[in-house]
Structure formats: C-alpha cells, structure tokens
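Colleague: Residue numbers (this note's numbering): 1 to 326. First, the structure itself, so that you have it in front of you.
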C-alpha cells in the first residue's frame with residue numbers, strides 16, 4: 001500500500017493500464033509535455049511516447065470525435081477535457097454517436113472510451129471551471145457516469161472504466177485532487193461500475209452522497225454522533241448511472257430516514273432521481289420526509305460566494321436534524 005493523492009492515484013491507473021494493454025491511448029489539450037492542467041498525466045508521454053499520449057488542439061468536439069472513431073476501430077481511448085464546463089462542446093459526439101452506436105448497430109459496434117473531466121467548485125475558479133452537471137450525462141441512455149470520492153476509489157474506478165465496453169464519463173472533483181492522501185494498493189484493484197458502498201455504518205438515518213460531498217457528509221455524521229448521539233449511515237454512490245438503488249433501499253429500510261447530498265443544482269439534479277427511487281422502493285419504511293442538501297439553482301458564484309453555494313457540514317447537520325424530529 002502507498003499513500004497517494006487523487007492525482008497520483010489516477011496517474012497510476014492510467015500508467016498501469018497503458019502498460020498492460022497497448023490499445024489504451026490518451027488524448028487531450030496539454031496532456032503530454034505539460035502533463036495536463038492538473039498534472040494528472042504527468043510523465044506518461046516520457047514512458048509511452050507521442051503515439052499513445054496525444055496533445056490535441058483546443059477543440060473539445062474534435063477530441064471526443066477522435067475518441068469515438070478510435071474506440072470503434074479497436075483502441076481504448078481516454079480523453080481529458082480540461083474542465084467539465086467545456087465538455088458541452090462534446091455533447092453531439094457523445095449523445096449522437098458514442099451513446100447510440102451499440103444500439104444503432106444492433107450490438108455489432110461498441111465504443112470503449114473514457115472521457116475524464118475535473119468538476120465542481122472549491123478551488124476559486126471561474127464558472128465554466130466549477131460546474132457540477134453530471135445529470136446531463138446520467139440522463140443519456142448508453143453513457144455511464146462515474147464519480148469517485150478519493151484516491152483509492154478513483155484508481156479502482158478508472159481501471160474499471162478503461163476496461164468497460166461502453167463509453168464512460170468520469171468526473172474528478174478538482175477540490176479533492178490534492179486535498180488528502182489515502183492508501184492505495186500496489187497490486188491491481190477495481191470497483192465494478194454501478195456498485196455503491198457504505199463508508200460509515202449507522203442505524204438512525206441514511207446519508208447518500210458522492211464525489212466531493214462524501215467528506216462533509218462524514219464530518220456531519222461525526223458531529224451528529226458527538227452532539228446528538230445519532231449514528232448516521234453514509235453511502236458513497238460512486239456511480240451515478242447506472243445507479244445502485246439496492247444498497248440505499250436496504251439502508252433506508254433499516255433507518256427510516258434519508259438525506260441526499262450533492263453539489264449540483266437542486267432542480268432536476270441527481271437527488272431528484274435518488275429520492276424518487278427511495279419513495280418507490282421504501283415508502284412504507286420512511287418515518288420522515290427525505291431531505292436534500294444541494295447546490296442552488298444558480299450559476300456557481302465567483303470566489304467570495306463560492307463557499308455559500310457548496311453544501312457544507314452545517315447545512316447537512318441541519319437537514320439531518322429536521323428529518324430526526326419529523
């Protein structure tokens with residue numbers, strides 16, 4: 001085991017998969033000599049050369065289109081979009097082609113590609129550099145939507161995404177890139193796409209979160225234990241689509257209460273789908289209305305208001321207490 005940041009863990013996953021499978025190629029803006037805007041691909045061009053680590057023009061649509069073509073013809077491309085807010089330029093290639101080709105060809109063609117993109121706030125960037133728009137991709141049939149919450153899950157999920165036969169959108173919370181270190185196994189490790197996990201056990205209520213929101217959820221759970229004697233269970237979704245509703249339904253059936261947390265805007269966000277599935281599958285076990293703690297229905301504000309927009313421990317604790325007194 002080696003303690004790593006998320007940046008180092010994703011770099012390790014890319015390096016190991018490129019060494020194991022010469023079909024894996026990387027492409028994106030400044031990912032070669034510069035190692036990417038956050039240095040996630042640092043050093044890979046020195047090991048694997050310019051034919052497998054491709055610096056592309058500033059053209060997101062072209063990056064996604066190239067990746068679709070590479071995947072159809074037998075490669076396993078991993079493309080980097082510098083910030084998730086620039087991935088909208090890829091939407092035509094991803095929605096019209098990558099997501100549909102297996103269906104359109106009646107299974108003859110597959111598109112085993114990964115699109116990586118830093119997402120979310122917390123690093124004092126501008127609005128196109130700080131958005132959480134995972135609902136766009138999760139809503140698109142044919143795409144898988146993955147969001148790790150730390151170095152170990154990032155490494156394991158990246159390996160699974162590269163090996164997946166279908167296109168995967170892989171969001172990386174830039175606020176977690178170097179926020180903490182975590183032990184990552186030296187040997188190969190994967191997490192199945194579409195599987196969530198319990199990261200803290202509890203009996204009194206269930207918190208459901210993913211990505212950067214796992215850390216404040218865990219901190220809120222500790223505060224509730226210390227101040228209220230409440231034991232909150234925390235579920236890390238890991239994959240937004242396909243969504244693992246089995247684990248969260250089992251948890252809410254036991255606890256009777258739920259708080260759903262995400263950084264994306266509230267209206268039509270992932271929390272709406274999660275709460276609906278809980279209502280459909282665990283309605284008769286609920287002892288209080290489901291609470292949502294989310295970003296607001298606004299473009300993420302600039303620096304001075306950014307922390308106000310992003311869900312924090314206080315907002316999560318307050319929401320949990322409301323469910324406990326209902």
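We put the beta carbon where it would ideally sit given N, CA and C, even for glycine. Model, not experiment: these values are computed from the prediction.
Can you tell me whether residue 303 is buried or exposed, with buried defined as 16 or more other CB within 10 angstroms of its CB?
Modeller: Burial call: exposed.
Colleague: Taking the alpha helix (DSSP H) that residue 317 belongs to, which residues open and close that run?
Modeller: Element bounds for residue 317: 313-325.
Colleague: What's the call for residue 6, buried or exposed, on a 16-neighbour Cβ count within 10 Å?
Modeller: The residue is buried, with at least 16 neighbouring Cβ atoms inside 10 Å.
Colleague: Looking at the unbroken alpha helix (DSSP H) that takes in residue 46, where does it start and where does it end?
Modeller: Residues 44-48.
Colleague: Beta carbon of residue 209, beta carbon of residue 175: below 8 angstroms?
Modeller: No; because the gap between Cβ atoms is not below 8 angstroms, this pair is not in contact.
Colleague: Quick check: residue 413 and residue 29, are their CB atoms within less than 8 angstroms of each other?
Modeller: Residue 413 is absent from the model: the chain starts at 1 and stops at 326.
Colleague: To which residues of the same chain is residue 293 closer than 6 angstroms at the C-beta, ignoring the five residues directly before and after it?
Modeller: 261, 311, 315, 316 and 319, listed in sequence order.
Colleague: For residue 115 versus residue 72, is the C-beta distance shorter than 8 angstroms?
Modeller: No, the pair does not count as a contact, with Cβ atoms beyond the cut-off.
Colleague: Can you list, in chain order, the residues of its chain with a C-beta nearer than 6 angstroms to that of residue 189? Leave out the 5 residues immediately preceding and following it.
Modeller: So the list reads 156, once near-sequence residues are dropped.
Colleague: Does the beta-carbon of residue 92 have 16 or more other beta-carbons within 10 angstroms, so that it is buried, or is it exposed?
Modeller: Burial call: exposed.
Colleague: Quick one: grab the DSSP three-state call for residue 214.
Modeller: If DSSP states are grouped into helix, strand and coil, residue 214 belongs with the helices.
Colleague: Which residues in the same chain as residue 220 place their Cβ atom closer than 6 angstroms to its Cβ, once the five residues preceding and following it in sequence are excluded?
Modeller: Answer for residue 220: 313, 316 and 317, listed in chain order.
Colleague: Please list the terminal residues of the continuous beta strand (DSSP E) segment that includes residue 184.
Modeller: Unbroken beta strand (DSSP E) run through residue 184: 182-184.
Colleague: So, using beta-carbon positions, are residue 26 and residue 78 closer together than 8 angstroms?
Modeller: Their beta carbons are under 8 angstroms apart, which means residue 26 touches residue 78 by this criterion.
Colleague: Throw me the rounded Cβ distance for the residue 216 and residue 166 pair, which I believe falls under 8 angstroms.
Modeller: With a Cβ gap of about 32 angstroms, residue 216 and residue 166 do not count as contacting.
Colleague: Under 8 angstroms Cβ to Cβ from residue 128, same chain only, skipping five residues before and after it: list those, please.
Modeller: So the list reads 83, 85 and 86, once near-sequence residues are dropped.
Colleague: Output yes or no for whether 8 angstroms exceeds the beta carbon distance between residue 248 and residue 206.
Modeller: Taking 8 angstroms as the Cβ cut-off, residue 248 and residue 206 qualify as a contacting pair.
Colleague: So residue 259 and residue 278 are in contact, right, with Cβ under 8 angstroms, and what is the actual spacing, rounded?
Modeller: So it is not a contact: roughly 11 angstroms between Cβ atoms.
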